[in-house]
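> Mind having a look at this structure? Questions to follow.
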Amino acid sequence: MRVRSDIWVSAYIRRVNASGGFAVLRQRGAVEAGAIYITVEGEDRTYDLYVPAPQSLLEDGEYDRQFRRHPASGTLDALGLAELIQREMRFDTDLWVIAVEDRGRRHFLDAAVIEDAQ
1251 MRVRSDIWVS AYIRRVNASG GFAVLRQRGA VEAGAIYITV EGEDRTYDLY
1301 VPAPQSLLED GEYDRQFRRH PASGTLDALG LAELIQREMR FDTDLWVIAV
1351 EDRGRRHFLD AAVIEDAQ
């Protein structure tokens, strides 16, 4: 059984803030099962974006949710990030958006990030 999105988001924000980063909820989604997007701002004012991993990439393991780094990550400025998220919201109005700031550009997702095969 999957943890509800609102509970997962709350725990993730607490974890980031307790670990020396700063996280804030930018967009509230569906309580039960909304997709979760995580933005991580770098010192160079570009952003990484972590999105739910496609079903074809999911691995069995201890993680309730798994993510992948969006291909445009690291090249997105604030405007590009906003446009990308707005485009996604046209298809899924129930998504959550969490903004993370961290000097080390950490995403705080540990091994829940799946690397795409090249």
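Here the sequence shown is numbered in the working numbering, starting from 1251 and rising by one per residue. We treat Cβ as the ideally placed atom computed from N, Cα and C, and that holds for glycine.
Starting from the C-beta of Asn-1267, find all residues in its chain whose C-beta is less than 7 Å away, skip the five residues before and the five after it, and write them out in chain order.
Hits under 7 Å: Ala-1273.
> Look up Val-1347 in the DSSP assignment and give the residues it is bridged to.
Gln-1277 and Tyr-1287.
> If you draw a straight line from the C-alpha of Pro-1302 to the C-alpha of Thr-1325, how long is it?
For Pro-1302 and Thr-1325, the distance between alpha carbons rounds to 19 Å.
> Compute the distance between the beta-carbons of Arg-1319 and Leu-1299, then report whether it is under 9 Å.
Yes, the Cβ-Cβ distance between Arg-1319 and Leu-1299 is below 9 Å.
> State the Cα-Cα distance for the pair Arg-1355 and Arg-1265, rounded to the nearest angstrom.
Taking the straight line from one Cα to the other gives about 15 Å.
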